[in-house]
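Sequence lines, in order, name chains W and G.
First residue of the first sequence? That's 139 in this note's numbering, and the numbers climb one at a time after it.
First residue of the second sequence? That's 25 in this note's numbering, and the numbers climb one at a time after it.
We treat Cβ as the ideally placed atom computed from N, Cα and C, and that holds for glycine.
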Amino acid sequence: MSPLQSGSQEEFVPASQTELSRFIAENAAGNHRQLFPVGGRTSLAVCCPTSQTGIQLCTSQLNRVVDYPVRDLTITVEAGMRIDELNKMISAEGQRLPIDIPQSNRATIGGVIATNTSGPKRFSYGTIRDYVIGISAIDGQGNLFKSGGRVVKNVAGYDLGKMLVGSLGTLAVISQVSLNLRPKPQTISMVWFQFDSCQTVDQALEAIVTSGTRPIAVEYCNAKAASQIAAEARLELPADQHILCICYEGPENEVHWQANHIVSEWNQYSPLSVQTVVTEEATRLYNAFTEYQTSSDDPVTLKAILLPSQMMKFIEMATRLNIAVQAHAADGIVFGHLPDSASSLDDVQQILNQLKKTIDPKTGYLNIYQCESEWSHSLPLFCSPPAGWNLMQQFKNALDPEHVLNSQRFNELVEI
Amino acid sequence: MVDDTSQTINLSAPVLEKLEAGSRPFSILIQKLTGIVGKTDILYNADELLVYECDGYIVDKSVPDIVIFPTSTAQVSEIVKLCNEFNVPFLARGAGTSLSGGCLPIGGGVMIVLTRMKQILELNLRDRYAIVEPGMVNLHLTNALKGTGYHYAPDPSSQGACTIGGNIATNSGGPHTLKYGVTTNHVLGLEAVLPDGSVIELGGPTAEVPGYDLHGVYVGNEGTFGICTKAIVRLTRDPEAHRTMLAVFQTIGDATRAISEMIAEGIIPSALEMMDHGIIQAVEEAFHFGFPLDAGAVLLIEVDGLEVALDAEVSKILEICNKNNVREIQRADTPEERMLIWKSRKQAFGAIGRLSPSYCTQDGVVPRTRLPEILEFIEQTSKKYGLRIVNVFHAGDGNVHPILLFDERDQGQIQLVLEASEEILEKCLELGGSVTGEHGIGVEKINFMSRIFNETDLAMMERVRNIFNPRQICSRDKVLPPHASDNSPKVSQTHPARRAPH
Chain W
139 MSPLQSGSQE EFVPASQTEL SRFIAENAAG NHRQLFPVGG RTSLAVCCPT
189 SQTGIQLCTS QLNRVVDYPV RDLTITVEAG MRIDELNKMI SAEGQRLPID
239 IPQSNRATIG GVIATNTSGP KRFSYGTIRD YVIGISAIDG QGNLFKSGGR
289 VVKNVAGYDL GKMLVGSLGT LAVISQVSLN LRPKPQTISM VWFQFDSCQT
339 VDQALEAIVT SGTRPIAVEY CNAKAASQIA AEARLELPAD QHILCICYEG
389 PENEVHWQAN HIVSEWNQYS PLSVQTVVTE EATRLYNAFT EYQTSSDDPV
439 TLKAILLPSQ MMKFIEMATR LNIAVQAHAA DGIVFGHLPD SASSLDDVQQ
489 ILNQLKKTID PKTGYLNIYQ CESEWSHSLP LFCSPPAGWN LMQQFKNALD
539 PEHVLNSQRF NELVEI
Chain G
25 MVDDTSQTIN LSAPVLEKLE AGSRPFSILI QKLTGIVGKT DILYNADELL
75 VYECDGYIVD KSVPDIVIFP TSTAQVSEIV KLCNEFNVPF LARGAGTSLS
125 GGCLPIGGGV MIVLTRMKQI LELNLRDRYA IVEPGMVNLH LTNALKGTGY
175 HYAPDPSSQG ACTIGGNIAT NSGGPHTLKY GVTTNHVLGL EAVLPDGSVI
225 ELGGPTAEVP GYDLHGVYVG NEGTFGICTK AIVRLTRDPE AHRTMLAVFQ
275 TIGDATRAIS EMIAEGIIPS ALEMMDHGII QAVEEAFHFG FPLDAGAVLL
325 IEVDGLEVAL DAEVSKILEI CNKNNVREIQ RADTPEERML IWKSRKQAFG
375 AIGRLSPSYC TQDGVVPRTR LPEILEFIEQ TSKKYGLRIV NVFHAGDGNV
425 HPILLFDERD QGQIQLVLEA SEEILEKCLE LGGSVTGEHG IGVEKINFMS
475 RIFNETDLAM MERVRNIFNP RQICSRDKVL PPHASDNSPK VSQTHPARRA
525 PH
C-alpha cells in the first residue's frame, strides 16, 4: 500500500525514519508542498495555524520502542508512540515521565516535545526539555540528524534537542527520542483552598517561597474555571471564589505531613474553606487540572507567561473581564479561556488591550494560545516579540530553507 | 598618535610576527582596545601572556596575543567589534578551569577574560531566580544565598573557582547532578555578545519564553556561539535535611550492583559517588579517614528532602547495601561529620600525587547498568598496558573518571597512556555511552566527534554554529572537527592530560 493516503487531507504515513527522510527530501527538491507533521492531532490549533493546505506527515506508524533498559531509568522510542502506551509500559516498571499531558490517549511523545506541553507538575519537575537526553529528527531538506545520546549525562556536541522542544515542527520532524525517566511516587494528595480575593491568594503564594513543605504543583483557578474543574473531577468542592490547590506526592507519611502542614501555614491568610482530597479522588482532580488548560471549547484561549509575583494583577483583570482562568501559579503560567460573549474580533482585541496593560513588557508575555481558524489571520500570535526573535528566523531559514515545514505555525516568525 | 602608541608598546613575538605579516597592525588594535578598558585592564607583554597559554587542560598550549579584562557588556561588545574589524580571532575565558581546552586560544588572538564581571545583579526569591555576571564564581552565588533557604544547584567539584559563565559554556555537572540535573536545567535566560559584537537576550526570568528555546541551545556551546555576559539562573530550595553515609564494599561488583538496585527501587539519592581500591588507599594514606585498606570500593551516598521521610529512605538503602555484601556503613550524625565524608571525596584527587608523579583523568559515560563492564574493562586495560588506573567518579550518573597514573619523564609511558585512554573511551561508546559527561569536547575530544556523530549530524551542528558564529573567529576550532580543507592551526594530542577529576 502506498504510504500516501488521501482523505479530506493528503497524508503520508511513513513506516520508518528513512522513508520519512526520503519523502521530505523529494518534496524539498521537487514541488515544495507544505508538510504538516502530526502525531495525535491534539494540538492542531496551537499557535493558530492559518491554513493547512498540503500534506500531513503522520507519525502513527513510527511508534516502536527502540530500547528500554529498565534499570537505567531511560527509554528510547519513536516519535509516534502514544503517551498512554508509553505510560502503561513504564508504569509497569514503577517508572514515569513526570510531565502532565492532556488527552494522553491520543497525544504522542513527538507531539509533546514539538509543542512543549506541560502542566501543573512543571513547578517541581520541570518540562519535557529536562527529560530529552537524545533526539533524532529530519529537517526541511530531508536530512536525518541526531543529537545527544542514551545516557543521562552527556555533553558531546550541541544540544539540538532543546532547539526542537516547542518548535512546533517548524524546524524539523522529530522521529525518535531518548528520555530520562523517574520513579513513580507512592501516593498523591491535594489541598483545595478557597480565598476571598486576589490579594489573599497573592499572600499565600508568596508564603510558598519559604513554606516548610515542598509542593509538586500549585494551581490557581478563578470561580469560573474552578466550578468546571471540580465538575470534571466529579467532586463537590467549594468553587465560588478564588481557589489555590496545592499538590503533594511521595511516600505516604511525607505527603500526609505536608498536607497538614500547609493548612496550618496558610491559616493566617484566612481561607474561606479548606478541603483535602486524597487517593483516587486526588488523581481525578489532578487530571482535571491537567486537561482544563487546553480542553476548552471557547473561541480563544490565551496564554500569559509572567513572573509569579506579577501574576495576580493580570488574573484580577482577566476575572473582571469574565475570563475563565487557570494558572500554574508558582510558575506564572496562566491560561485564560475567553467567554462566548467575546463574539467578534473587536471584542477580542479590546480584551487583549485591557490585559496587556497589566503586563510589564520587559518580563511578561501574552499570546494567543489557540483560536478559531477564521480569526487566526487577524489576531497577533504574540502580543510582544520574544527575546531572540531575529535569531529564530535564522534558525528557520537554516533548517528549512524552502519553508515547507509547518510554516503556518509561528507565522509572524516566517514573515519577518 | 597611532605611531606614538606603537613605539611605546612592548610587543610579544607572535604579535610582531603578525605585524610583519602585513594586515592592520596590532599596535593600532592594542591602542583601540586600551581606549575601551584602560591601561590596567589589558596585557600584551610576552611574559604576562604566558599565564594564559592554557586552561585546566595543560597538554597543548597556545599563547594569546592580547588578554583583556572588560567590566561591562558594552565593553565586551566594543572589543568584539574591533576584533571583527581587524579580523583577529577572539575567545572568552573565565577562571580557566575547563578540562578540555575550551579556553585554548588556538592561533593566538584576543582573550577576553570575564573575571572582573562578577556582580550579582538581582536576587529574586519570590520569583526564584538570580541574575549574575558571567565571572561570578559558582560557590559565591550559593554563599550569597546562605540563610535564604535557597541555593544554586549545579555544583561542579571546582565550584570554589569556576565561574557561572564557564558553567554555561560547558553545561557543567557535579556530584548532585543525579537528582538536581546539570546547568542547562537551571538556566532561564542569558545575555550574550554574539561574534559580530551585537548584544542579544535569550530566554528571560519567566518560566518560559515564546518561540524556540535558544538559551537551551546556547548552554553547552563551549564558547563557540559568543560570549555570555549575563545569566539568569533558577534558584532551588535548600533541602530540609540530609543523610550522608559511606558504604564500604569488598568488591566493585557489589558496589555497582547496589547502585543499580537503588535506582531500580525508585531511590534517587542526591549524590552517589564511588571511590575504588586504589583511591581508597591514597586517600587513607593522606587523610586517615579510617577506610579499610583492603576494601574494593567505597560509595558516598547522600539523600536529601524532608526530615519526615529520610529515615525510611535510608533504611531501604541500608537494606540494599546489606543485600549486596556491604562490609560496613559509616553515617554522618552531625554537619561536621557530613563535611568530613564529603572531604574524603572532594580531596581524593589531591591524594593522587602520593601514587604517581603524573596522572591523566578521563571523562567517559556509560549507562548505569554497564558500570561493572566498563570498570572491568578499565582493569583489563590497566593490566594490558602495565599502567596503574584508579577510579573516583559519579556512579549514579554512569560518569566514570578513570585516572591513569604515569611518569611523564618516560616517553614510552606517555604513549601507553594515550592509547589506553583511547581504548577506554571507545569502550564507553561501544557500551552505549559518551566520551564526555561533563568536561566537554573542547579541543581534547574533537577527534571523537566523528565517531559519535555521522556527517549529517555534524553538518547540522555546524549549521547551528554558523547562525551564531558565521565567520568562526570566535573560539575557533573547538567542538566540531575542522574540515580537511581548513588552513587553521590544528591541535593534536601529544601528551596525556593531567587534570583533576570533577
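{"query": "Name, going along the chain, the residues of the region 130-159 of chain G whose beta-carbon falls closer than 7 Å to a beta-carbon of chain W.", "result": "L149, R150, D151"}
{"query": "Quick one, which of G/G184, G/L482, G/N346 has its alpha-carbon nearest G/D278's?", "result": "G/N346"}
{"query": "Once you ignore the five residues that flank G/V104 on each side, which residues in its own chain have a CB closer than 6 Å to its CB?", "result": "V217, G221"}
{"query": "Thinking just about the alpha-carbon of each residue, which of G/L53, G/G302, G/E157, G/E309 is nearest to the one in G/E403?", "result": "G/G302"}
{"query": "Does the beta-carbon of G/T194, which I'm using as the reference point, lie nearer than 7 Å to any heavy atom of the ligand PLP?", "result": "Inclusion of the ligand PLP in the displayed structure is not the case, the ligand content being empty and no account of it being possible."}
{"query": "Taking only three categories from DSSP, how would you classify G/L317?", "result": "coil"}
{"query": "Nearest-angstrom Cα distance between W/I271 and G/L202?", "result": "14 Å"}
{"query": "Just to confirm my understanding: we take G/R392, look at its own chain, exclude 5 residues before and 5 after, and list those with CB closer than 8 Å. What are they?", "result": "I283, S284, I287, A419, G420, D421, G422"}
{"query": "Which one of W/H394, W/G168, W/D478, W/Q379 has the shortest CA to CA distance from W/V329?", "result": "W/H394"}
{"query": "Taking only runs that begin and end inside the region 142-224 of chain G, name each unbroken beta strand (DSSP E) of 3 or more residues, in chain order.", "result": "144-148, 153-156, 211-217"}
{"query": "Taking 8 Å as the threshold (beta carbon to beta carbon), is G/P506 in contact with chain W?", "result": "no"}
{"query": "Given a cut-off of 8 Å on the beta-carbon distance, is the pair W/A125 and W/V356 in contact?", "result": "Any question about residue 125 of chain W goes unanswered here, given that chain W covers just 139 to 554."}
{"query": "For W/L483, tell me which candidate among W/E419, W/I497, W/R458, W/W513 has the shortest Cα-Cα distance.", "result": "W/W513"}
{"query": "When you compare only the Cα positions, how much space is there between G/A45 and G/M141?", "result": "Summary for G/A45: the model assigns pLDDT 48, below 50, so the residue's position carries little reliability; its value from the coordinates is reported in the next sentence. If I take the Cα positions, the gap works out to 34 Å."}
{"query": "For chain A, is any of its Cβ atoms less than 8 Å away from the one on G/V206?", "result": "You won't find chain A in this structure, because its protein chains are W and G."}
{"query": "Checking contacts by CB at 8 Å: is G/Y236 closer than that to chain W?", "result": "yes"}
{"query": "Under a three-way DSSP split, which group does W/Q233 fall into?", "result": "strand"}
{"query": "Using a C-beta cutoff of 8 Å, does G/P396 count as contacting chain W?", "result": "no"}
{"query": "Along chain G, in chain order, which residues have C-beta atoms closer than 8 Å to that of W/Y296?", "result": "V241, G244, N245, M485, V488, R489, V503"}
{"query": "Just curious, the alpha helix (DSSP H) that G/N108 is in, first and last residue?", "result": "97-110"}
{"query": "Go to W/T351, then tell me how far its alpha helix (DSSP H) extends in each direction, as first and last residue.", "result": "Unbroken run through W/T351: none, as it is neither H nor E."}
{"query": "G/E225 touches chain W at which residues, Cβ-Cβ below 8 Å?", "result": "A525, G526"}
{"query": "Any idea which residues DSSP pairs G/G457 with across the strands?", "result": "Looking at the DSSP assignment, G/G457 forms no beta bridge with any residue, so it has no partner."}
{"query": "Mind checking if G/P229 is an interface residue toward chain W, Cβ cutoff 8 Å exclusive?", "result": "yes"}
{"query": "Taking contact to mean 3 or more Cβ pairs, one atom from each stretch, closer than 8 Å, check whether the region 473-487 of chain G and the region 75-95 of chain G are in contact.", "result": "no"}
{"query": "Tell me the rounded alpha-carbon separation between W/V114 and W/A371.", "result": "What is shown of chain W runs 139 to 554, which leaves residue 114 of chain W out entirely."}
{"query": "Residues of chain W with a CB under 8 Å from the CB of G/L106: which are they?", "result": "Here the premise fails: no neighbours, minimum Cβ distance about 23 Å."}
{"query": "Would you mind working out which of G/K56, G/V233, G/I130, G/I344 sits nearest G/F110, comparing C-alpha positions?", "result": "G/K56"}
{"query": "Would you mind giving the Cβ-Cβ distance between W/P437 and W/L490, rounded to the nearest angstrom? I have them listed as a contact below 8 Å.", "result": "Not quite, the Cβ-Cβ distance comes to about 13 Å (not below 8 Å), so this is no contact."}
{"query": "Does G/S339 pass the burial test, meaning 16 or more other C-beta atoms within 10 Å, or should it be called exposed?", "result": "exposed"}
{"query": "Please list, in chain order, the chain W residues whose beta carbon lies closer than 9 Å to that of G/E454.", "result": "Those within 9 Å of G/E454 in chain W number zero; the least Cβ separation is about 13 Å."}
{"query": "For W/N505, return the contacting residues in chain G, with the cut-off set at a CB-CB distance below 9 Å.", "result": "P234"}
{"query": "For G/P88, which residues in the same chain have their Cβ closer than 7 Å to its Cβ, ignoring the five residues on either side in sequence?", "result": "L73, Y76, P129, G132, G133, V134, M135"}
{"query": "Which term fits W/M449, buried or exposed, when burial requires 16 or more other beta carbons within 10 angstroms of its beta carbon?", "result": "buried"}
{"query": "Report the neighbours of G/G422 on chain W: residues whose CB is nearer than 9 Å to its CB, in chain order.", "result": "D210, V289, V290, K291"}
{"query": "Can you give me the C-alpha to C-alpha distance between G/D501 and W/S316, rounded to a whole angstrom?", "result": "29 Å"}
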